[in-house]
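The block underneath contains the structure these notes are about, expressed in structure tokens.
Protein chains: 2
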Amino acid sequence: MSTSTLINQQYRLAARPIGMPKPEDWHFTTEPVRDIVDGEVLVKTLYLSLDPAMRGWMNEGKSYIRPVAIEEVMRAGGIGKVVASKSAKFAVGDMVSGGLGVQTYWTGAADDKTAALYKVDPAMAPLPKYLNALGMPGMTAYFGLLEVGQPKAGETVVVSGAAGAVGQTVGQVAKHMGCRVVGIAGGKEKCDFVVNELGFDACIDYKSGALREGLKEHCPKGVDVYFDNVGGDILDTVLTRINLKARIVICGAISQYNNTTPVKGPANYLSLLVNRARMEGIVVFDYADRYHKGVAAMAQWMQEGTFKTREDIVVGIEKFPQTLLMLFNGGNFGKLVLQVAEE
Amino acid sequence: MSTSTLINQQYRLAARPIGMPKPEDWHFTTEPVRDIVDGEVLVKTLYLSLDPAMRGWMNEGKSYIRPVAIEEVMRAGGIGKVVASKSAKFAVGDMVSGGLGVQTYWTGAADDKTAALYKVDPAMAPLPKYLNALGMPGMTAYFGLLEVGQPKAGETVVVSGAAGAVGQTVGQVAKHMGCRVVGIAGGKEKCDFVVNELGFDACIDYKSGALREGLKEHCPKGVDVYFDNVGGDILDTVLTRINLKARIVICGAISQYNNTTPVKGPANYLSLLVNRARMEGIVVFDYADRYHKGVAAMAQWMQEGTFKTREDIVVGIEKFPQTLLMLFNGGNFGKLVLQVAEE
């Protein structure tokens, strides 16, 4: 196909936000899609994954991945369709997952290390699932829980952000391991969802202000594994209920990402000492060579009907800025996905 | 011997302090030493160990050990001499270590679980060493470093409270493991001591206000293991310098024990995430069945001349309150010991 008439719409980072990002922190730009050369592919973006980690990528400074540069296309994972190919690796029509960025087309070498494209099978699961349990959030949850949390059957696992992309999977994987699973989420609707739809044993609505009492009631034997996506007061409160040799998986701290004041450190961290407990960070990329095992396990459970996911799909690349902000005010319900084009 | 004429001098907990303890938080009391019955021994206290943990024992509430009750003799470990025995376990003249309490005589069953008396050999090392490297601080350091910190040869180990009882041993054990060892201590004299006498590679005087620069200079390859005895700002600063997969051993937080405001949590704890690092607590009692291995290893090094310790010995049980407070203002230099009687 000729690509010369295609226009690429892009969101580029315009400024490093202080506190909560605002729409002006990105520029919306357009440019013609260039022709591909040997070894390259052209991918049409269908779905983009909107993740809390994206807030961190907007900051300057050392982290587990380099910051997005000013005027660079905003980094994002996504699912797209190969619409032109001069590579044997992908054929036109293939569905691929990778670092497409917030843009309507991605052009580059089929084996580009940064984009790290790989084929996904739309027959095995609907495409948005590949941005959820079968994608980065799912891999984060699966390996973070099993490798760092190391839950044993009969133990109590607590997960915050329970209705979010990572939390949904953490809870369901823990149920498959034979654990008691208690979620923490904001609002009755999300709590009902993870209990009634996903099979969590209980869920505490932190917005009710009764987190401490909820933990006492629903974790009568204490907390063995806490998978933390939120940080702040919730982390501090859970620290008061942990058991001897508890494992706390530090996956994120969404409550702190837009702080303009310093991060609130866990004042109750000495509970780690009293309980000989452990707090450990997880970054999903460390498990890249084993993603296929996580995908296979969860796809199997999905086919058996014992593993469900929920996506919150917003349509239209022009809605990128305000949709991303939903993550930070609890506005999304399930894995947040931006649909950029029809399949 | 008749014990009926002996007088036991005791410090009993009078009040639960808020913030820094003061002398009025204990009562000084005297009572006649009672005669022992079958199975019991009478121990004359020679040396008492003064430790930061004692501050925590004065607080109400759940911890790794029950609080000292109001009007109970203040808990303390010590070394004493058996002066009367109706037990086959100990003979008159034996030197013993155990939970004697802040009193001049201890009376009880030879196999009392709480006191947990065991014989020490004055021929192998001077008695105060059994409250230092060959006692609880040494065991805390030895097992905390090796089991939780898991240092490997060539790695960089940083320890705070470097001139203190635990810190001295952590650093020297790490040197024996082939690590680069950097201490953090308050004042030039302590820093010179751990470098020149104990063989640390470097020591940073935190009172100079140049901790961050010191870490950059002396840990050019970053920090692999941080053994934290102090908490607060020092913990936060070290967190900015840790390496991938670093291990942070939480042994204590002496900067926070007398807080009347909430404990300062480590604001930089998300460095654990970025670096996939671990923060884990250690309580020495968990390793009780292996103390003999730690004692044997360090006694051997002492005999070889490759392991030294320093004690700061204050004489007179009546000095107990003000001596304990030295721990919290950095007044002691080496393991703080209260000598209660002549050997």
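Here the protein sequences line up with chains A and B, keeping their order. No gaps in the numbering here: position 315 of the first sequence is 315 in full-length UniProt numbering, and each next residue is one more. No gaps in the numbering here: position 235 of the second sequence is 235 in full-length UniProt numbering, and each next residue is one more. Even for Gly, the Cβ is constructed at its ideal location relative to N, Cα and C. As the structure is a computational prediction, the values presented were derived from the model and not from experiment.
- Here the C-alpha atom of E343(A) lies approximately 13 Å from the C-alpha atom of A123(A).
- Among the residues of chain B, those whose CB is under 7 Å from the CB of S63(A) are V274, following chain order.
- The beta carbon of Y269(A) falls within 7 Å of a beta carbon belonging to chain B, placing the residue at that interface.
- The continuous alpha helix (DSSP H) containing E304(A) extends over residues 291–304.
- Within 8 Å of the CB of M139(A), no CB atom of chain B is found; the nearest one sits about 14 Å away.
- Fewer than three pairs of CB atoms, one per stretch, sit closer than 8 Å, so the stretch 6–16 of chain B makes no contact with the stretch 295–303 of chain B.
- Among the residues facing chain A, E280(B) is included, as its CB has a counterpart in that chain under 7 Å away.
- In this structure, the CA atom of G167(A) is about 11 Å from the CA atom of Y226(A).
- Looking at the DSSP output, F28(B) bridges to Y11(B).
- If you ignore the 5 residues before and after I18(B), its C-beta comes within less than 7 Å of the C-beta of T260, all in its own chain and listed in chain order.
- Counting along the chain, E217(B) sits inside the alpha helix (DSSP H) bounded by residues 211–218.
- Listed in chain order, the alpha helix (DSSP H) runs fully inside the stretch 50–134 of chain A are 53–57, counting runs of at least 4 residues.
- By the rule that beta-carbons nearer than 7 Å mark a contact, G161(A) does not touch chain B.
- Of all residues in the stretch 284–312 of chain B, those with a C-beta nearer than 7 Å to a C-beta of chain A are D286, reading in chain order.
- Straight across, the Cα-Cα distance linking M326(B) with A162(B) is about 16 Å.
- Listed along chain A are G265, A267, each with a C-beta nearer than 8 Å to that of K264(B).
- The C-beta of A165(B) comes no closer than 7 Å to any C-beta of chain A.
- In the three-state DSSP reduction, M279(B) falls in the strand class (E or B).
- Per DSSP, the unbroken beta strand (DSSP E) holding V159(B) starts and ends at 156–160.
- The beta-carbon distance between A110(B) and V41(B), rounded to whole angstroms, is 5 Å. This is short enough to meet the 8 Å contact definition.
- Scanning chain B for C-beta atoms nearer than 8 Å to the C-beta of I250(A) yields Y269, L270, L272, L273, reported in chain order.
- By the 16-neighbour rule on beta-carbons within 10 angstroms, T5(B) is exposed.
- Annotation: the continuous beta strand (DSSP E) that includes V249(B) extends over 242–250.
- Judged by DSSP secondary structure, Q322(B) falls within the alpha helix (DSSP H) whose first and last residues are 320–326.
- Contacts between A53(B) and chain A, judged by CB atoms closer than 7 Å, are missing: the closest CB pair is about 10 Å apart.
- In the three-state reduction of the DSSP assignment, G232(A) falls in the helix class, which pools H, G and I.
- Distance from the Cα of L235(B) is smallest, within the candidate group A88(B), L270(B), V73(B), N258(B), for L270(B).
- DSSP, read as helix, strand or coil, puts A141(B) in helix.
- A91(B) and V182(B) have their C-alpha atoms some 44 Å from each other.
- When the five nearest sequence neighbours on each side are left out, the beta carbons in the same chain lying within less than 8 Å of the beta carbon of L244(B) are those of N275, R276, A277, in order along the chain.
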